[in-house]
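Novice:
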Amino acid sequence: MNRRTYLGLVGTTVGLSGCTGGGDQPRTDTDTTEPRTQGPTPQTAVETTVDNVSEGSGEYGLDVAEATVGEVFGDETLAMVIRSIERVSQIGAFKRADDGKVFLKVRLAVKNVTSDEYLAFSGKSQTRVVDAEKQAYQQTQTFDQSGKQFTAGQLVPGEVSRGDLAYEIPEDASDLKLRFDFLASDPFSYDRVVVPLGDSPNSPEDVIQDFQVDVASPGEAIEFNGISVTVNSVDIAGNVGSSNAGDGKEYAIVDFSVENKTDEQQQLSSLLQMCLKDGAGFPYSQDIVATSQLSEPYEDNYIDSGDTQRGKLAYNVAEGAAPLYWTLDFDLMADADKGIWNVR
């Protein structure tokens, strides 16, 4: 594909979704020939020139494009939009900016707009904020469990990853730009996209999650390379032991089983490979304290060949949030290996 081919996206709201694509694709044990999808049918991407994107050559001969805050930009693989910009001194309960600095919070939504490719995107490795002095700032990990922190990882076709990227910058930093960098091996059309960060947009465009792969339900198994996972049930509770979900929140408790059908020991990480997300693409990481107080918490132990391990994980979510999807990256080093269950 010519890396200078660029696609304009038709419409104000474009159908586009944390918690990585070759290799065998995961399958469900249901006899489904057509993908089950959620949400409206995505609008069509057409090859054209868009007013808010300009292209040129950057340093080292890179193909560079410039986009606009609040407007969807992308190509036939990924569509992205910066929906808000904010400066804050603290994120969550524990993360405070150093003296003379603030956190720049950028609300980003990224969608895989392909019909059959599994793609990966990482705010940590693929974005930087650059100031007038050309000083670059890397994403700050905030470990915020509010469901608002952008989560890197694999995106299945139609999936959206949405959340806040935080960058710790000097209070007087000016002429800020968000820079997206893509490797030559990435399918994206440009090496780099730069977005000037002015005021937060009043009516930003958006991307909509509409999975183009099979989505399982509780009771259904998904298998990848000899690892079979079944979501048994999902319970909702306001408290887990001494842990209280908080005002306007509740715990979604996912009960699941992992069967090892391979000839070797296997292990899945509940923190690195499993995630709960809502219909807009916001991620919810595991609440470790609440999980530890469950009657049968899932433990990241090795599973012997032929054995099955069962356990539960607790996620702190917005009260009444629906739909909710539980996702699993079966192998962090493999592609096209993500399973999704609609748990609410």
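Per UniProt numbering, residue 1 is the first one in the sequence shown, and the count goes up by one each step. Here a beta-carbon is modelled for each residue, glycine too, at the ideal position from N, C-alpha and C.
What three-state label does DSSP hand Thr327 in the structure shown?
Specialist: The sequence position of residue 327 within the sequence shown is 327, counting from 1. Of the three classes helix, strand and coil, the one that applies to Thr327 here is strand, per DSSP.
Novice: Among Gly198, Tyr190, Ala322, Tyr284, whose alpha-carbon lies nearest the alpha-carbon of Val129?
Specialist: Translated into the one-based positions of the sequence shown, residue 129 becomes position 129. It is Gly198.
Novice: Using the Cα positions of Lys338 and Tyr315, report the straight-line distance between them to the nearest angstrom.
Specialist: Position 338 of the sequence shown, counted from the start, is the residue given in the question as residue 338. Position 315 of the sequence shown, counted from the start, is the residue given in the question as residue 315. Distance between the alpha carbons of Lys338 and Tyr315: 19 Å.
Novice: Do you know whose CA, among Ala245, Val69, Gly92, Gly246, lies nearest Asn202's CA?
Specialist: Taking the sequence shown and counting its residues from 1, one reaches residue 202 at position 202. Of Ala245, Val69, Gly92, Gly246, the residue nearest in Cα terms is Val69.
Novice: With DSSP run on the structure shown, which of helix, strand or coil describes Lys124?
Specialist: Locating residue 124 in the sequence shown gives position 124, where the first residue counts as 1. Lys124 falls in the helix class under three-state DSSP.
Novice: Could you give the first and the last residue of the continuous alpha helix (DSSP H) run that contains Thr291?
Specialist: Looking up residue 291 in the sequence shown gives position 291. Where Thr291 is concerned, the enclosing alpha helix (DSSP H) stretches over 288-292.
Novice: Using C-beta distances below 8 Å, list every residue in its chain close to Lys312, excluding the 5 sequence neighbours before and after it, in chain order.
Specialist: Indexing the sequence shown from 1 puts residue 312 at position 312. Cβ neighbours of Lys312 beyond the five flanking positions: Ile253, Val254, Asp255, Phe256, Thr291, Leu294, Ser295, Glu296, Pro297, Tyr298.
Novice: Give me whichever residues DSSP pairs with Tyr137 in a beta bridge.
Specialist: Here residue 137 is taken as the residue at index 137 of the sequence shown, counted from 1. Tyr137 is bridged to Val129.
Novice: So, with DSSP's three-state summary, where would you put Met274?
Specialist: One-based indexing of the sequence shown puts residue 274 at position 274. Strand at Met274.
Novice: Could you have a look at Phe94 and say whether DSSP puts it in helix, strand or coil?
Specialist: On the sequence shown, position 94 is the one that residue 94 refers to. Of the three classes helix, strand and coil, the one that applies to Phe94 here is coil, per DSSP.
Novice: Going by DSSP, what residues sit across from Ala173 in a beta bridge?
Specialist: In the sequence shown, counting from the first residue as 1, residue 173 sits at position 173. Answer is none; Ala173 lacks a bridge partner.
Novice: To the nearest angstrom, how far is it from the Cα of Val207 to the Cα of Ala65?
Specialist: Taking the first residue of the sequence shown as 1, we reach residue 207 at position 207. Taking the first residue of the sequence shown as 1, we reach residue 65 at position 65. Taking the straight line joining both Cα atoms gives about 20 Å.
Novice: In the DSSP assignment, what are the bridge partners of Pro283?
Specialist: Within the sequence shown, the letter at position 283 stands for residue 283. Answer is Lys277.
Novice: By the DSSP assignment, the beta strand (DSSP E) with Asn316 in it spans what residues?
Specialist: Along the sequence shown, read from residue 1 onward, the residue named residue 316 stands at position 316. First-last of the beta strand (DSSP E) with Asn316: 308-318.
Novice: Quick check: the segment 113-127 against the segment 74-89, are at least 3 beta-carbon pairs closer than 8 Å?
Specialist: Counting Cβ pairs under 8 Å, three or more are found: they touch.
Novice: Name the two residues that bound the continuous beta strand (DSSP E) containing Gln154.
Specialist: To locate residue 154, count along the sequence shown from 1; it is residue 154. Residues 153-155.
Novice: Return the Cβ separation of Asp304 and Gln267 in integer angstroms, given the expectation that the two are a contact with Cβ distance under 8 Å.
Specialist: Numbered from 1 along the sequence shown, position 304 holds the residue referred to as residue 304. Numbered from 1 along the sequence shown, position 267 holds the residue referred to as residue 267. Going by Cβ atoms, the distance from Asp304 to Gln267 rounds to 11 Å, so no, they are not a contact pair.
Novice: Below 8 Å on the Cβ atoms is my guess for Asp278 versus Leu328; work out the distance and round it to an integer in Å.
Specialist: Numbered from its first residue, the sequence shown carries residue 278 at position 278. Numbered from its first residue, the sequence shown carries residue 328 at position 328. So it is not a contact: roughly 17 Å between Cβ atoms.
Novice: If we require 3 or more residues per run, which beta strand (DSSP E) segments fall completely within the segment 210-256?
Specialist: List check, beta strand (DSSP E) in window: 221-224, 227-237.
Novice: From the DSSP output, in three-state form, read off Ala109 for me.
Specialist: Here residue 109 refers to the residue found at position 109 when the sequence shown is read from its first residue. Strand at Ala109.
Novice: In angstroms with no decimal places, state the Cα-to-Cα distance between residue 346 and Glu159.
Specialist: Residue 346 is absent from the model: the chain starts at 1 and stops at 344.
Novice: Taking 9 Å as the threshold (C-beta atoms), are Gly281 and Ser161 in contact?
Specialist: One-based indexing of the sequence shown puts residue 161 at position 161. One-based indexing of the sequence shown puts residue 281 at position 281. Closer than 9 Å, so yes.
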